[in-house]
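Visitor: So the sequence shown is residues 25 to 221, counted in the numbering used here.
Even for Gly, the Cβ is constructed at its ideal location relative to N, Cα and C.
From a predicted model like this one, the values you see are computed outputs, not experimental measurements.
I'd like to ask some things about the structure below.
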Amino acid sequence: MDELLSLVLPAGPFASGRSLAQIRAWMGECTRCPLHQGRKKIVFGAGPEDARLMFIGEGPGAQEDQQGEPFVGPAGKLLERMLAAVGLARAEVYITNIVKCRPPNNRDPRAEEAAACRPFLEAQVRAVAPRAICTLGRPAAHALLGGDASMGRLRGRWSQALGVPLLPTYHPAYLLRTPQAKAQAYADLKALVRALR
């Protein structure tokens, strides 16, 4: 992948040892895919650079696009409550998305959009070097793991992506619509906490 990045992007910002601030500065006002045409703000990510746990969602929603921060809307509030329930604070984790600009009408990001943001996501993972990643929702899991399995088959099963243990779970927006799946998502978060011990 590093060889591919060197062909597509200047190698400097994506080399090991780059900070999140350096990566974000290099990203600038990205125009790598059509999503930039409708965005208000790039939603790069938030959290400490030394976070042990990284959450990767799908894409920004309307409130995230307005504020430039990930998971600030209703799904973000639910994620914060879920983290608190398993003894984690939002300030302890790093949160980002597979795409940094809002897809129209909150649709799932397309493969080519995720591919355009992939170098930035990989650089974020390298910079944070989390002990574990939790993907939130099917598009995020597929972007990192490939395939087309359902969330029911993916969630709760450990894999590895970008050299980091990865556990997919349901997206908080899905849990707002399908509260009966919350117990499974809580079980996944508890498994993440156990893995961090």
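Within 8 angstroms (strictly less), CB to CB, does G41 reach chain C?
Guide: Absent from the structure: chain C. Only one protein chain is present.
Visitor: How big is the Cα-Cα spacing for P196 and R42?
Guide: Rounded to whole angstroms, P196 to R42 spans 30 angstroms at the Cα level.
Visitor: Could you check how far apart the C-beta atoms of A138 and A167 are, in whole angstroms? I think they sit under 8 angstroms.
Guide: Indeed they touch by this definition, with Cβ atoms about 5 angstroms apart.
Visitor: Closest to I122 by CA distance: which of G180, Y194, G81, P58 is it?
Guide: Out of G180, Y194, G81, P58, G81 has the C-alpha closest to the C-alpha of I122.
Visitor: So, helix, strand or coil for L44, using DSSP?
Guide: DSSP places L44 in helix when its eight states are reduced to three.
Visitor: In the DSSP assignment, find the unbroken beta strand (DSSP E) run with C158 in it and report its ends.
Guide: Here the beta strand (DSSP E) through C158 covers 156-160.
Visitor: Would you check if there are 3 or more beta carbon pairs closer than 8 angstroms linking the segment 175-188 to the segment 98-115?
Guide: Because the criterion of three Cβ pairs below 8 angstroms is not met, the segment 175-188 and the segment 98-115 do not touch.
Visitor: Return the first residue and the last residue of the beta strand (DSSP E) that F79 is part of.
Guide: Its beta strand (DSSP E) spans residues 77-81.
Visitor: Short check: CB of P94 to CB of P84, under 8 angstroms?
Guide: Closer than 8 angstroms, so yes.
Visitor: Give the range of the beta strand (DSSP E) segment to which L112 is assigned.
Guide: Careful: L112 lies outside any beta strand (DSSP E) and carries neither H nor E.
Visitor: Out of L169, R114, R126, which has the shortest C-alpha to C-alpha gap to Q61?
Guide: Of L169, R114, R126, the residue nearest in Cα terms is R126.
Visitor: Which value, in whole angstroms, describes the spacing of the CA atoms of V117 and L103?
Guide: About 11 angstroms.
Visitor: Indicate the three-state DSSP secondary structure (helix, strand or coil) for P94 in the structure shown.
Guide: Note: P94 maps to coil in three-state DSSP.
Visitor: Tell me the residue span of the alpha helix (DSSP H) that contains L186.
Guide: That residue, L186, is in no alpha helix (DSSP H); it is neither H nor E in DSSP.
Visitor: Would V188 and V217 qualify as a contact pair, given that the criterion is a beta-carbon distance under 8 angstroms?
Guide: Not in contact: V188 and V217 (Cβ atoms no closer than 8 angstroms).
Visitor: In chain order, what residues of the same chain have a beta carbon less than 6 angstroms from the beta carbon of P192, not counting five sequence neighbours either side?
Guide: Counting only Cβ-Cβ distances below 6 angstroms, and skipping sequence neighbours, we find T159, A165, L178, R179.
Visitor: Considering only DSSP beta bridges, list what T193 is partnered with.
Guide: L160.
Visitor: What did DSSP end up calling A70 once you bin it into helix, strand or coil?
Guide: Three-state DSSP puts A70 in a strand.
Visitor: Considering only residues of the same chain and omitting the five flanking positions on each side of D89, which have a CB-CB separation below 8 angstroms?
Guide: Once the five neighbours on either side are set aside, the close Cβ partners of D89 are R63, K64, K65, V67, C125, R126.
Visitor: Roughly how many angstroms separate the alpha carbons of D212 and L169, rounded to a whole number?
Guide: Roughly 17 angstroms separates the two Cα atoms.
Visitor: Express the C-alpha separation of A153 and A44 in angstroms, rounding to a whole number.
Guide: The question names Ala, yet the displayed sequence has Leu at residue 44. If you take the alpha carbons of L44 and A153, they lie about 11 angstroms apart.
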